[in-house]
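Peer 1:
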Amino acid sequence: MVFWKLVRPDAEAVWNSEKVRRKLKWYSMVMNDIAPAKFMIAKKVPIDFNPGDGRSLDELWDAHDSIRKEFLKLLDKARNGDLTLSDYKEMPTPQYSFLDLKVELAWRIVRECRFCERRCLVNREAKRGFCRLGLKSYITTYFLHLGEEAPLVPSGTIFYGSCNFKCVYCQNYDISQENPYQGIEAGAKEIAIIQEYLRNEGAKNINHVGGDPTPNIHNIVESLKYVRVNVPQLWNSNMYLTEEALAIIIDLMDIWLPDFKYGNNSCASRLSLVDRYYDVVTRNLKIICSSGDPIIIRHLVLPNHINCCTKPVLEWIALNCRSALVNVMGQYRPEYMVWRSPEKFRDISRRPSTEEMEKAYKFAEKLGLDYEEVS
Ligand code: SF4
Numbered sequence: 016m017v018f019w020k021l022v023r024p025d026a027e028a029v030w031n032s033e034k035v036r037r038k039l040k041w042y043s044m045v046m047n048d049i050a051p052a053k054f055m056i057a058k059k060v061p062i063d064f065n066p067g068d069g070r071s072l073d074e075l076w077d078a079h080d081s082i083r084k085e086f087l088k089l090l091d092k093a094r095n096g097d098l099t100l101s102d103y104k105e106m107p108t109p110q111y112s113f114l115d116l117k118v119e120l121a122w123r124i125v126r127e128c129r130f131c132e133r134r135c136l137v138n139r140e141a142k143r144g145f146c147r148l149g150l151k152s153y154i155t156t157y158f159l160h161l162g163e164e165a166p167l168v169p170s171g172t173i174f175y176g177s178c179n180f181k182c183v184y185c186q187n188y189d190i191s192q193e194n195p196y197q198g199i200e201a202g203a204k205e206i207a208i209i210q211e212y213l214r215n216e217g218a219k220n221i222n223h224v225g226g227d228p229t230p231n232i233h234n235i236v237e238s239l240k241y242v243r244v245n246v247p248q249l250w251n252s253n254m255y256l257t258e259e260a261l262a263i264i265i266d267l268m269d270i271w272l273p274d275f276k277y278g279n280n281s282c283a284s285r286l287s288l289v290d291r292y293y294d295v296v297t298r299n300l301k302i303i304c305s306s307g308d309p310i311i312i313r314h315l316v317l318p319n320h321i322n323c324c325t326k327p328v329l330e331w332i333a334l335n336c337r338s339a340l341v342n343v344m345g346q347y348r349p350e351y352m353v354w355r356s357p358e359k360f361r362d363i364s365r366r367p368s369t370e371e372m373e374k375a376y377k378f379a380e381k382l383g384l385d386y387e388e389v390s
């Protein structure tokens with residue numbers, strides 16, 4: 016018996032749920048090598064020019080939006096079972112592809128960085144923005160993660176150093192805030208090698224997480240050029256990326272695992288030092304939820320934030336994203352700045368109480384959300 020099946024028997028049992036099979040259908044097709052992953056499809060959609068030939072950014076985006084129609088046709092075929100992984104292997108590989116175009120776009124953006132809504136607009140070849148990263152990524156660790164939601168286990172998780180948030184209670188503060196330069200200094204090729212290794216070791220997906228993966232989009236997108244194994248791509252993020260960045264990765268991720276923590280902008284501003292949180296994250300989630308992609312939304316219940324955060328977050332999901340599975344998470348504990356100065360953050364200086372968690376679950380239940388399978 017494989018080790019993870021002993022430790023997480025629910026990772027197999029969860030697929031007995033009709034809801035899970037229906038809501039995560041695309042992910043399951045790629046995970047089981049029935050369909051090619053989206054990044055594999057993007058490699059087969061031809062473009063008739065070299066994206067590095069000096070065109071303007073506007074010209075590249077125009078080409079992107081027009082070629083995307085061809086990509087979506089192929090994706091539809093794959094979703095309907097009319098483009099299997101075996102069919103895919105028979106398709107010719109073009110000299111330049113839709114994926115090459117996305118790589119060029121990502122590298123243009125990192126040179127005036129606006130991957131996330133901090134919009135530092137620095138050329139990261141020479142300067143650092145809020146996240147303190149240059150062009151290289153830092154992979155602090157990677158392994159088969161057995162602690163993620165049941166349908167994702169074992170998850171081939173890659174932890175990228177650095178973050179574009181500054182959560183005062185961050186549990187990964189050592190890699191996200193204090194020292195983001197730990198581990199392996201990596202470019203696209205190293206990230207690709209790690210992905211192939213993890214899939215060959217039995218990963219059901221490649222889980223890009225951190226910190227946050229957003230500042231690493233240029234390297235992650237380019238890495239997909241070099242990945243030769245079929246594996247679902249999973250975006251595990253605070254979802255504070257810009258619309259441009261989302262337009263690049265939306266055709267490459269097979270499943271989304273966003274955090275949706277705050278039900279308003281002011282709690283986010285105080286506890287994660289980020290502006291317009293609710294506006295940005297709901298804008299991005301709306302785009303993903305209407306794309307038909309599988310999505311598991313995580314909501315971390317914060318003590319004393321049931322009315323201002325938990326309720327509005329769950330209500331928003333019920334109104335705007337019925338296709339989501341929802342993980343209502345009770346594992347908050349005061350860490351990092353909250354642990355060091357609890358008097359400054361009295362509201363969140365304890366764990367959520369049993370009553371608060373019961374309230375959160377009952378509210379999810381009342382809204383008809385599908386949360387039990389992954390919470
Ligand atoms: S990823 Fe975000 S925080 Fe980092 S430099 Fe770019 S815009 Fe700034």
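Position one of the sequence shown corresponds to residue 16 (the working numbering), numbered consecutively onward.
Where is the CB? At the ideal position from N, CA and C, for every residue including glycine.
No experiment lies behind these values; they were computed from the predicted model shown.
1. Measure the Cβ-Cβ separation of N280 and R291 and say whether it is below 8 Å.
2. CB D25 to CB A165, shorter than 8 Å?
3. What number of angstroms, rounded off, separates the C-alpha of E358 from the C-alpha of L256?
4. According to the neighbour-count rule (16 or more other Cβ atoms, all chains shown, within 10 Å of its Cβ), is S238 buried or exposed?
5. Measure from the alpha carbon of E74 to the alpha carbon of each residue in R123, T108, K40, N322, then state which is nearest.
6. DSSP three-state label for M44, please.
7. Can you grab the Cα-Cα spacing for the pair Q186 / P247, in whole Å?
8. Less than 7 Å between C-beta atoms, sequence neighbours within five positions excluded: which residues of the same chain meet that for M55?
9. I need the straight-line Cα distance from L21 to R36, nearest angstrom please.
10. Compare the C-alpha of V183 against each of Y376, E350, Q110 and name the closest.
11. Rounded to the nearest angstrom, what separates H320 and S364 at their Cα positions?
12. Please indicate yes or no: does the CB of V296 lie closer than 7 Å to some heavy atom of the ligand SF4?
13. Suppose you measure from the CA of S177 to the CA of G383; what does that come to, to the nearest Å?
14. Identify every residue that forms a DSSP beta bridge with S152.
15. Between L150 and E140, which are expected to be in contact by the criterion C-beta below 8 Å, what is the C-beta distance as a whole number of angstroms?
16. Ends of the beta strand (DSSP E) at L239?
17. How many Å lie between N215 and I209 at the Cα?
18. Below 8 Å, how does it come out for the segment 261-271 and the segment 112-132: are there three or more Cβ pairs, yes or no?
19. Let me make sure I understand the geometry here. Which of L87, P195, V236, H160 has the alpha-carbon closest to that of N220?
20. When you compare only the Cα positions, how much space is there between R70 and K374?
21. Any heavy atom of the ligand SF4 closer than 7 Å to the Cβ of F113?
22. Can you find the residues in the same chain that come closer than 8 Å, C-beta to C-beta, to D63, ignoring five residues on each side of it along the sequence?
23. Closer than 7 Å to a non-hydrogen atom of the ligand SF4 - does that hold for the CB of F130?
24. Pick out whichever of A218, I154, K204 has its Cα sitting closest to the Cα of S191.
25. Once the 5 residues before and after K326 are set aside, which same chain residues still bring their CB inside 8 Å of it?
26. Measure the alpha-carbon distance for R129 versus V17 and round it to whole angstroms.
27. Enumerated in chain order, which unbroken segments of the beta strand (DSSP E) with a length of 3 residues or greater are wholly contained in the segment 269-337?
28. Determine the contact status of I263 and V224, defining contact as a CB-CB distance below 8 Å.
29. Are R313 and N342 touching if we call contact CB-CB under 8 Å?
30. For Q248, which residues does DSSP report across the bridge?
31. Could you compute how far the alpha carbon of V168 sits from the alpha carbon of P51?
32. Comparing C-alpha positions only, which one of W41, A28, E27 sits nearest to S338?
33. CB G144 to CB R133, shorter than 8 Å?
34. In this structure, what does DSSP give as the bridge partners for P24?
35. Over what stretch of residues does the beta strand (DSSP E) that includes T172 continue unbroken?
36. Give every residue of the same chain whose Cβ lies closer than 7 Å to the Cβ of C282, excluding the five residues on either side of it in the sequence, and list them in chain order.
Peer 2: From the atom records:
1. Residue mapping note: residue 280 aligns to position 265 of the sequence shown, counting from 1. Residue mapping note: residue 291 aligns to position 276 of the sequence shown, counting from 1. Against a cut-off of 8 Å, the Cβ pair of R291 and N280 comes out as a contact.
2. The sequence position of residue 25 within the sequence shown is 10, counting from 1. The sequence position of residue 165 within the sequence shown is 150, counting from 1. In contact: D25 and A165 (Cβ atoms closer than 8 Å).
3. Locating residue 358 in the sequence shown gives position 343, where the first residue counts as 1. Locating residue 256 in the sequence shown gives position 241, where the first residue counts as 1. Using only the alpha carbons, I get a separation of about 32 Å.
4. Here residue 238 refers to the residue found at position 223 when the sequence shown is read from its first residue. So S238 ends up on the buried side.
5. As a first step, residue 74 is located in the sequence shown; it is residue number 59 there, counting from the start. Ranking the options by Cα distance to E74, first place goes to R123.
6. Looking up residue 44 in the sequence shown gives position 29. For M44, the three-state secondary structure derived from DSSP is helix.
7. Position 171 of the sequence shown, counting from 1, holds the residue named residue 186. Position 232 of the sequence shown, counting from 1, holds the residue named residue 247. One alpha carbon belongs to Q186, the other to P247, and they sit about 26 Å apart.
8. As a first step, residue 55 is located in the sequence shown; it is residue number 40 there, counting from the start. Only Y103, N245 meet the Cβ criterion.
9. Along the sequence shown, one-based indexing puts residue 21 at 6. Along the sequence shown, one-based indexing puts residue 36 at 21. Using only the alpha carbons, I get a separation of about 22 Å.
10. By one-based count along the sequence shown, residue 183 stands at place 168. When each option's Cα is compared against that of V183, the closest is E350.
11. The residue you call residue 320 lines up with position 305 of the sequence shown. The residue you call residue 364 lines up with position 349 of the sequence shown. Each residue's Cα considered, the two are about 12 Å apart.
12. Stepping through the sequence shown from its first residue, residue 296 is reached at position 281. With a cut-off of 7 Å, the C-beta of V296 is classified as distant from the ligand SF4, since no heavy atom of the ligand falls inside that distance.
13. Mapped onto the sequence shown, residue 177 falls at position 162. Mapped onto the sequence shown, residue 383 falls at position 368. Going by the C-alpha atoms only, they are around 36 Å apart.
14. Here residue 152 is taken as the residue at index 137 of the sequence shown, counted from 1. BP columns for S152 point to A201.
15. Along the sequence shown, read from residue 1 onward, the residue named residue 150 stands at position 135. Along the sequence shown, read from residue 1 onward, the residue named residue 140 stands at position 125. Contact flag correct, Cβ pair sits at about 6 Å.
16. Taking the sequence shown and counting its residues from 1, one reaches residue 239 at position 224. Segment 232-241 is the alpha helix (DSSP H) holding L239; no beta strand (DSSP E) there.
17. Indexing the sequence shown from 1 puts residue 215 at position 200. Indexing the sequence shown from 1 puts residue 209 at position 194. Taking the straight line joining both Cα atoms gives about 10 Å.
18. Verdict: yes, contact present.
19. In the sequence shown, counting from the first residue as 1, residue 220 sits at position 205. With distances taken between Cα atoms, N220 lies closest to H160.
20. In the sequence shown, residue 70 corresponds to position 55, counting from 1. In the sequence shown, residue 374 corresponds to position 359, counting from 1. Computed Cα separation, rounded: 55 Å.
21. For the purposes of this step, residue 113 is identified with residue 98 of the sequence shown, where counting begins at 1. Result no, Cβ not under 7 Å from the ligand SF4.
22. Looking up residue 63 in the sequence shown gives position 48. The residues are Y111.
23. One-based indexing of the sequence shown puts residue 130 at position 115. Answer for F130: yes, Cβ within range of the ligand SF4.
24. Taking the sequence shown and counting its residues from 1, the one referred to as residue 191 is at position 176. It is I154.
25. Mapped onto the sequence shown, residue 326 falls at position 311. Correct list, in chain order: G278, F378.
26. Working through the sequence shown from its first residue, we reach residue 129 at position 114. Working through the sequence shown from its first residue, we reach residue 17 at position 2. Cα to Cα, R129 sits roughly 43 Å from V17.
27. Segments of the beta strand (DSSP E) lying fully in the segment 269-337: 311-315.
28. As a first step, residue 263 must be located in the sequence shown, where it is residue number 248. As a first step, residue 224 must be located in the sequence shown, where it is residue number 209. No.
29. As a position in the sequence shown, residue 313 is number 298, starting the count at 1. As a position in the sequence shown, residue 342 is number 327, starting the count at 1. Yes, the pair counts as a contact, with Cβ atoms nearer than the cut-off.
30. As a working mapping, residue 248 is identified with position 233 in the sequence shown. Beta-bridge pairing links Q248 to I221.
31. Along the sequence shown, one-based indexing puts residue 168 at 153. Along the sequence shown, one-based indexing puts residue 51 at 36. One C-alpha to the other measures close to 20 Å.
32. As a first step, residue 338 is located in the sequence shown; it is residue number 323 there, counting from the start. Closest by alpha carbon: W41.
33. As a working note, residue 144 is residue 129 in the sequence shown. As a working note, residue 133 is residue 118 in the sequence shown. Going by C-beta atoms, G144 is nearer than 8 Å to R133.
34. Numbered from 1 along the sequence shown, position 9 holds the residue referred to as residue 24. Note: P24 sits in no beta bridge, so no partner.
35. For the purposes of this step, residue 172 is taken as the residue at position 157 of the sequence shown. Here the beta strand (DSSP E) through T172 covers 170-175.
36. Within the sequence shown, residue 282 is the residue found at index 267, counting from 1. Here the set comprises H320, C323, C324.
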